[in-house]
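Novice: For reference, the structure I am asking about is given below.
Residue numbers (the working numbering): 8 to 635.
If you want it as structure tokens, here you go:
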């Protein structure tokens, strides 16, 4: 039923399996309103019910009262949908509206799964009983099982009662589906006792937010009884999202887990009852921004919401006398828009994205209710706001310009290599050490200067690692300490990471050079097993001269050498491997820092450097594992 616009009001009846809603005349539901995109949304009938999916529309989809923004959702009879200024009401006839409740995994069927990699047929039989996979059709199963055949990361793990599945603070970038038993999510209290914040039963899934955003676990997961957990690696979640109903369930859970992580780790919500936090979660909206420079809040406008940076970074700017001054950067856990609501004044500064970001938006009425019922929350907010205001008053034009420059990727680093120019004697030993260890130096002694510090070109172990998200095989991973490294056993040498890195800090190196560098590490530490690809035949190292390199001379056929280190002979050897600064993973030292004779080269957290130079934002922060 179309409620608005008035010119289109009335009932629209269709029995199609797929319904296009939009401004385009070919749509099954046509809405002649400029706020509606030409292809705004698609409704698909699935075994789990009718699912609506946003089609990258300009003004998004909102469902419910109060309206909640969604990208995908399962529709129920009576739901109100908003597409821009248009309003629709869902009316599902009795037969179509009767959707059987999604069963959980049948415990009696699970004991047949005793292997890490069960047979596809047995796995399908169990997964099909869970809500996440219940609506899968043959096409969905074909895509998923094809990925299962290729990807060893899709597997089942078994746990005894009391065993830890994953610890808080550790990186486990996989979606977990509980097939058998019970699992508790626990977070330690201040007195050392554990608090159960969530309980999972067969058919439940968890870990979505950590897998999607490459975050450490927010809570420790413990098996309460004999448990079987199916792991879906981050890069394989797309095979689950291939199904519309599963995609809707994941979207709803993403919001739930995002709030749970945020509320558990932020001091702002300390003492607020979980029930009230759950109400806020239902009424809030999560805004997604995929690039820098997008305006979240504009200076001078009337503030109508309270915002919390859930992930990513935001830049605070103030227009003053025709010029714009950068005041601070907000990291995950920091908030803005509070004083406009508390004092009823227009926003005193603009907030724009400084990269990819997720922001939780809480309405004025919900914010007032939060502060009214929990005065300690308002007190904390006012204290932080006062410190932020004081810090902003000391930002000179020079400091503002430095902050603007630091927004170009440096603020997102977890571990920066910096050189103290007062100590550096330009001996270049740091570059030589890096070249010896990696085959080619991934340290280039030039870059931005901040005070007496030079930030050379080297991997920053970003908070939002685009290289990790681009890797199709999950070869780029993050250690519990925060460092990003390459698991070469999984690497296929595609170069996607090098293309994705916006700072040109990943290089592709010939396999021969790479292997020689790995051999030097092996000789330095014999008891440490470093990854070694197949030794490349000499003719493939370019020894045929320039004629061969130009393709004018074909090399003789040479049989590949046997692998070293016990690697699988079927493992393909790409012509090139990616290299980056991995903080000299596997070595007891960092080559560049170890080789510096004056102590000029050091690895620091950018917050430490910003604090030392006076360029630091004020506020709480979701704490991530610190880099080495």
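Note that beta-carbon positions come from the ideal geometry of N, C-alpha and C, so glycine has one too. Here the structure is a predicted model, which means the values were calculated and not measured.
Distance, Cα to Cα, residue 138 vs residue 210?
Specialist: Mapped onto the chain shown, residue 138 falls at position 131. Mapped onto the chain shown, residue 210 falls at position 203. Approximately 6 angstroms between the Cα atoms of the pair.
Novice: List, from N- to C-terminal side, the beta strand (DSSP E) runs of 3 residues or more that fit wholly inside the region 336-405.
Specialist: The qualifying runs are 357-370.
Novice: Taking only runs that begin and end inside the region 21-84, name each unbroken beta strand (DSSP E) of 3 or more residues, in chain order.
Specialist: Listed in chain order, they are 25-29, 48-53, 56-61, 68-70, 75-77 and 79-82.
Novice: In chain order, which continuous runs of the beta strand (DSSP E) of length 3 or greater are located wholly inside the region 175-251?
Specialist: As far as the region 175-251 is concerned, its whole beta strand (DSSP E) runs of at least 3 residues are 181-187, 190-195, 201-207, 227-230 and 234-240.
Novice: Evaluate residue 309 with the Cβ neighbour count: other Cβ atoms within 10 Å of its Cβ, from every protein chain shown; 16 or more gives buried, anything less gives exposed.
Specialist: Reading the chain shown from its first residue, position 302 is the one you call residue 309. With fewer than 16 Cβ atoms within 10 Å of its Cβ, residue 309 is classed as exposed.
Novice: Report the three-state DSSP secondary structure of residue 330 (helix, strand or coil).
Specialist: Here residue 330 refers to the residue found at position 323 when the chain shown is read from its first residue. In the structure shown, residue 330 sits in a strand (DSSP, three-state: E or B).
Novice: Just checking, does the region 377-386 make contact with the region 326-344 on the three C-beta pairs under 8 angstroms criterion?
Specialist: The answer is no - the region 326-344 does not touch the region 377-386, with fewer than three Cβ pairs under 8 angstroms.
Novice: Just to confirm before moving on: does the CB-CB distance between residue 304 and residue 364 stay below 9 angstroms?
Specialist: Position 297 of the chain shown, counted from the start, is the residue given in the question as residue 304. Position 357 of the chain shown, counted from the start, is the residue given in the question as residue 364. No, these two residues do not count as a Cβ contact at 9 angstroms.
Novice: Going by beta carbon distance, what residues of the same chain come within less than 7 angstroms of residue 430, once the five residues before and after it are set aside?
Specialist: Start at 1 with the first residue of the chain shown, and residue 430 comes out as number 423. Answer for residue 430: 605, 606 and 607, listed in chain order.
Novice: Could you pull out every residue in the same chain whose Cβ sits closer than 6 angstroms to the Cβ of residue 286, ignoring the five residues on either side in sequence?
Specialist: Working through the chain shown from its first residue, we reach residue 286 at position 279. Taken in chain order, the list of residues that qualify is empty.
Novice: Can residue 602 and residue 437 be called in contact, C-beta distance under 9 angstroms?
Specialist: Within the chain shown, residue 602 is the residue found at index 595, counting from 1. Within the chain shown, residue 437 is the residue found at index 430, counting from 1. Yes.
Novice: Name the DSSP bridge partner or partners of residue 475?
Specialist: For the purposes of this step, residue 475 is taken as residue 468 along the chain shown, with counting starting at 1. Note: residue 475 sits in no beta bridge, so no partner.
Novice: Need the endpoints of the beta strand (DSSP E) that residue 468 sits in, please.
Specialist: The sequence position of residue 468 within the chain shown is 461, counting from 1. It is not in any beta strand (DSSP E) - residue 468 carries neither H nor E in the DSSP assignment.
Novice: Just the Cα atoms here: how many angstroms apart are residue 326 and residue 294?
Specialist: One-based indexing of the chain shown puts residue 326 at position 319. One-based indexing of the chain shown puts residue 294 at position 287. Taking the straight line from one Cα to the other gives about 24 angstroms.
Novice: Can you find at least 3 beta carbon pairs, one from the region 212-227 and one from the region 149-169, that sit closer than 8 angstroms?
Specialist: These segments do not touch.
Novice: Going by DSSP, what residue range makes up the beta strand (DSSP E) through residue 585?
Specialist: Your numbering for residue 585 matches position 578 in the chain shown. Per DSSP, residue 585 belongs to the beta strand (DSSP E) from 583-586.
Novice: On a Cα-Cα basis, can you pick out the residue from 224, 226 and 236 that is closest to residue 188?
Specialist: Within the chain shown, numbered from 1, the residue matching residue 188 stands at position 181. Comparing Cα-Cα distances from residue 188 to each of 224, 226 and 236, the minimum goes to 236.
Novice: Contact defined as beta carbons within less than 8 angstroms: I believe residue 587 pairs with residue 493. What is the distance between those atoms, to the nearest angstrom?
Specialist: Position 580 of the chain shown, counted from the first residue, corresponds to residue 587. Position 486 of the chain shown, counted from the first residue, corresponds to residue 493. Right, the Cβ-Cβ distance comes to about 7 angstroms (below 8 angstroms), so this counts as a contact.
Novice: On the three-state DSSP scale, how would you describe residue 530?
Specialist: For the purposes of this step, residue 530 is taken as the residue at position 523 of the chain shown. Correct three-state label for residue 530: helix.
Novice: Grouping DSSP H, G and I as helix and E and B as strand, with all else coil, what is residue 292?
Specialist: Counting from 1 along the chain shown, the entry for residue 292 is found at position 285. DSSP places residue 292 in strand when its eight states are reduced to three.
Novice: Rounding to the nearest angstrom, what Cα-Cα distance links residue 205 and residue 383 in this structure?
Specialist: Against the chain shown, residue 205 aligns to sequence position 198. Against the chain shown, residue 383 aligns to sequence position 376. Residue 205 and residue 383: Cα-Cα distance of roughly 25 angstroms.
Novice: Please classify residue 532: is it buried, with 16 or more other beta-carbons within 10 angstroms of its beta-carbon, or exposed?
Specialist: Counted from its first residue, the chain shown places residue 532 at position 525. The residue in question, residue 532, is exposed, as its Cβ has fewer than 16 Cβ neighbours within 10 Å.
Novice: Could you check what DSSP says for residue 284 in three-state terms: helix, strand or coil?
Specialist: Locating residue 284 in the chain shown gives position 277, where the first residue counts as 1. Note: residue 284 maps to helix in three-state DSSP.
Novice: State yes or no: is the C-beta of residue 524 within less than 9 angstroms of the C-beta of residue 445?
Specialist: Counting from one through the chain shown, the residue named residue 524 turns up at place 517. Counting from one through the chain shown, the residue named residue 445 turns up at place 438. Against a cut-off of 9 angstroms, the Cβ pair of residue 445 and residue 524 comes out as a contact.
Novice: Take residue 180 as the anchor and find which of 500, 501, 481 and 514 has the nearest alpha-carbon.
Specialist: Numbered from 1 along the chain shown, position 173 holds the residue referred to as residue 180. Ranking the options by Cα distance to residue 180, first place goes to 481.
Novice: Is there contact here, the region 267-280 with the region 350-357, by at least three beta-carbon pairs under 8 angstroms?
Specialist: Taking 8 angstroms as the limit for Cβ pairs, the verdict is that the region 350-357 does not touch the region 267-280.
Novice: What is the DSSP secondary structure of residue 140, reduced to helix, strand or coil?
Specialist: Taking the chain shown and counting its residues from 1, the one referred to as residue 140 is at position 133. Residue 140: coil per DSSP, three-state reduction.
Novice: Identify every residue that forms a DSSP beta bridge with residue 455.
Specialist: If you number the chain shown from 1, residue 455 lands on position 448. Partner(s): 462.
Novice: For residue 500, is the classification buried or exposed, using 16 other Cβ atoms within 10 angstroms of its Cβ as the cut-off for buried?
Specialist: One-based indexing of the chain shown puts residue 500 at position 493. When all chains shown are included, residue 500 counts as buried.
Novice: Going by DSSP, what residues sit across from residue 316 in a beta bridge?
Specialist: What you label residue 316 is simply residue 309 of the chain shown in a count that begins at 1. 366.
Novice: In whole angstroms, give me the CA-to-CA distance for residue 439 and residue 245.
Specialist: Counted from its first residue, the chain shown places residue 439 at position 432. Counted from its first residue, the chain shown places residue 245 at position 238. Looking at the two C-alpha atoms, the distance is approximately 42 angstroms.
Novice: What are the boundary residues of the alpha helix (DSSP H) that includes residue 600?
Specialist: Here residue 600 corresponds to residue number 593 of the chain shown, with the count starting at 1. Residues 598-602.
Novice: Could you check what DSSP says for residue 148 in three-state terms: helix, strand or coil?
Specialist: On the chain shown, position 141 is the one that residue 148 refers to. In this structure, residue 148 counts as helix in the three-state DSSP scheme.
Novice: Between residue 26 and residue 37, which are expected to be in contact by the criterion C-beta below 8 angstroms, what is the C-beta distance as a whole number of angstroms?
Specialist: Taking the first residue of the chain shown as 1, we reach residue 26 at position 19. Taking the first residue of the chain shown as 1, we reach residue 37 at position 30. Actually they do not touch by this definition, with Cβ atoms about 11 angstroms apart.
Novice: Do you know how far the Cα of residue 272 is from the Cα of residue 630?
Specialist: Residue 630 sits at position 623 when you count from the first residue of the chain shown. Residue 272 sits at position 265 when you count from the first residue of the chain shown. Low confidence applies here, because residue 630 scores a pLDDT of 31, under 50, leaving its location unreliable; read the following figure in that light. Whole-angstrom Cα-Cα distance: 8 angstroms.
Novice: Quick one: what does DSSP say residue 99 is sitting in, helix, strand or coil?
Specialist: For the purposes of this step, residue 99 is taken as the residue at position 92 of the chain shown. Coil, per DSSP.
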